[in-house]
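Since the structure comes first, as structure tokens, the remarks are kept for the end.
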Amino acid sequence: MDYKVLYRKYRPKDFNDLVGQDHIKELLLQSILNNKLSHAFIFNGPRGTGKTSTAKLFAKIINCTNNFEGIACNKCVSCLSYEETTDIIEIDAASNNGVDEIRELRENVKILPGISRYKVYIIDEVHMLSTNAWNAFLKTLEEPPKHVIFILATTEIQKIPITVLSRCQRFDFQRISSEVIFLKVKEIAKKEKINIIDEAITELSELSNGGLRDALGMLDQLSKLNDKITIETLNNAYGLVTNKDVKEIFEVYKKREIKLLIEKIDNLNSKGVKSEVFLTKILDFLLQELINYKITNSKEINNLEQLILDLEECYTKKNKYLMIKTMILKNIEDLVTKYEVVNTVVEEKNISREIISNEIQNQINLEILNIRVNNSFVNANLNLKKEFIKKWDELTNYFCTNGETKYLSLLKNTKVEVVSPTNVLISTKSYSNSVLFNLICDEIAEKCKKIIGDSIKIICLDEEQWKKVKSKYIKNKNHISYNYIEEPILKKDNKAINNATNIFGKELIEIK
Ligand SMILES: [Zn+2]
């Protein structure tokens, strides 16, 4: 079936109609205006980006006897016979790729043009010429008669012999942006009275992958299938992946629902969604997410960048759907979201107070612990606390954003309880977490200084301890004043760390 009716109907009449490729239009116009025409051009670029249309328009303009500033007059003999002229010769190299065809062409170029100034040969898919055909062609290309101009069009420039490239002026056509395609499709749909909703035009523009011809081809086809073109219509016809689809997949990914995730991807595959289309769609979506994270500075998950990089890799792989699934599963393993953190691993191990040996408990210097608890109450006030809570959230976000899961796991389920100008007292649900926290509390304090700009000493109590401290404070508040106590300088003891490492695993107690 030929779906190119609309594309033909709306073929540009002059350079102003030509969509996209402004730099090429500009250069070609300059060469016309300055009367510096090359005798051989090569138009390189993806399909449907306007190579042939540009070539034909160019041929029309240079043959117009009254062209004014690069615009064909549409009145002269050459312009009027433009549609059926024998002076513009279009050859499809895909089907005329042999030596015989080129020999014939070689003879033909000698014959003068019928009514125009130039004979313009437009050779499409020129990379399909056989080696012998190229060899036969080379001489003509090198010294063509003055009345001949060659325009070679290709989607695969790398297959063109260097000897040919060096004899041609080269133009690289770019994919047309979806925004530009959107506007063109909308304009044509309106003229043709085709009922299509904007959302469907957006999807169609993206699906066409920068080729206007494909976009209009789809519009043509869809308009014959339905009176009203919606997302649903597109979905049925081309196996579409919608924004909703990729959003759902990302949600499921964040929740680690592996079975559902694979199901959703397989579903797209069996619906006939091309893997490249899916990749482009999901990468666009993830990139937007990443930008949002960066703007709001509140990253929900730790490894979005990695996921994007890994999925990008899939373009080059043979079995893309398989790779996509593998990459997503790989990233799920490293996934840490803002709300559930590695610490759950510790909880799952169900480390109880008894498991932690007395030895470790003794290593966490009780003297320091008590001093810090005391100092937290010296000139503590509510405003300081409110401010610090914000900063504590900021710090959590920072660890999340930067994938520092070790700290993140410790900060999880902590609560800022008391804040003084010099100290902060934190509480946490589990005893094991408080032990771990205090083992590296000075390291966390360093991070505070670096990231939120607060120079403070931190101590962490588990809920039970905190309750005791709190009631003691309330009881004493009216008759005992808390005074600041200087901390003794202690030698760093690695024994505690080693012991803790044995219990919790190295990944959680990684001390510099
Ligand atoms: Zn004319």
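All letters in the sequence shown, in the order written, are residues 7 to 518 by this note's numbering. Using N, Cα and C, we set each Cβ at its ideal position, and we do this for glycine too.
Asked, Found
"Where does the unbroken alpha helix (DSSP H) through Thr146 begin, and where does it stop?", "Thr137 to Glu148"
"Bridge partners for Asn403 per DSSP, in chain order?", "Note: Asn403 sits in no beta bridge, so no partner."
"Quick one: does the C-beta of Thr92 sit closer than 7 Å to a heavy atom of ligand 1?", "no"
"Any idea which residues DSSP pairs Val384 with across the strands?", "Note: Val384 sits in no beta bridge, so no partner."
"To the nearest whole angstrom, what separates the beta carbons of Leu417 and Leu401, a pair I think is in contact under 8 Å?", "7 Å"
"Considering only the beta carbon of each residue, do Val105 and Asn138 sit closer than 8 Å?", "yes"
"In whole angstroms, give me the CA-to-CA distance for Ala451 and Asn429.", "10 Å"
"From the DSSP output, in three-state form, read off Ala78 for me.", "coil"
"Is Ala159 a contact residue of ligand 1, with contact defined as CB to any heavy atom under 7 Å?", "no"
"How should Thr146 be labelled, buried or exposed, when 16 other C-beta atoms within 10 angstroms of its C-beta is the threshold for buried?", "buried"
"Alpha carbon to alpha carbon, how far is Tyr88 from Tyr16?", "16 Å"
"Need the endpoints of the beta strand (DSSP E) that Ile182 sits in, please.", "Here Ile182 belongs to no beta strand (DSSP E), and DSSP marks it neither H nor E."
"Among all residues, which have a Cβ less than 7 Å from at least one non-hydrogen atom of ligand 1, and in what chain order do they fall?", "Cys70, Thr71, Asn72, Asn73, Ala78, Cys79, Asn80, Lys81, Cys82, Ser84 and Cys85"
"Checking the sheet assignment: what are the DSSP bridge partners for Thr160?", "Asn50"
"With a threshold of 6 Å on Cβ separation, who are the neighbours of Ala46 within its own chain once the five nearest residues in sequence on each side are excluded?", "Leu147, Phe156, Arg173 and Cys174"
"What is the DSSP secondary structure of Lys435, counted as helix, strand or coil?", "coil"
"Would you kindly work out how many angstroms separate the C-alpha atoms of Arg219 and Phe394, rounded to a whole number?", "59 Å"
"Rounded to whole angstroms, how far is the Cβ of Ile48 from the Cβ of Arg181, which I believe are closer than 8 Å?", "Not quite, the Cβ-Cβ distance comes to about 18 Å (not below 8 Å), so this is no contact."
"Where does the unbroken alpha helix (DSSP H) through Asp226 begin, and where does it stop?", "Leu218 to Leu231"
"Hey, how far is the Cα of Ala206 from the Cα of Lys253?", "18 Å"
"Considering just the uninterrupted stretch of the beta strand (DSSP E) at Tyr127, what are its terminal residues?", "Lys125 to Asp130"
"Can you look up Gln175 in the DSSP assignment and give me helix, strand or coil?", "strand"
"From which residue to which residue does the beta strand (DSSP E) around Asp98 run?", "Ile94 to Asp98"
"Buried or exposed: Val11, going by 16 or more other Cβ atoms within 10 Å of its Cβ?", "exposed"
"Under the DSSP definition of a beta bridge, which residues are partnered with Leu467?", "Ser433"
"Which of the three DSSP states is assigned to Lys421 in this structure?", "strand"
"List the whole-angstrom C-beta distance separating Ile465 from Cys447, where the pair is believed to meet the contact cut-off of C-beta under 8 Å.", "6 Å"
"Pick helix, strand or coil for Lys326, following the three-state DSSP scheme.", "helix"
"Using the rule of at least 16 other Cβ atoms within 10 Å of the residue's Cβ for burial, across every protein chain shown, is Ser520 buried or exposed?", "Absent from the model: residue 520. The displayed extent of the chain is 7 to 518, so no value can be given."
"Given this structure, state the Cα-to-Cα distance separating Arg123 from Cys85, to the nearest angstrom.", "12 Å"
"What distance in whole Å lies between the Cβ atoms of Asp178 and Glu131, which are believed to be in contact at a cut-off of 8 Å?", "That belief does not hold up - the Cβ atoms of Glu131 and Asp178 are roughly 17 Å apart, past 8 Å."
"So, with DSSP's three-state summary, where would you put Ile338?", "helix"
"In its own chain, which residues sit with a C-beta less than 7 Å from the C-beta of Thr236, not counting the 5 before and 5 after it?", "Ile203 and Ala206"
"Is the CB-CB distance between Gly217 and Pro18 below 8 Å?", "no"
"Since Gln27 is in the alpha helix (DSSP H), which residue starts that stretch and which ends it?", "Element bounds for Gln27: n/a, residue is neither H nor E."
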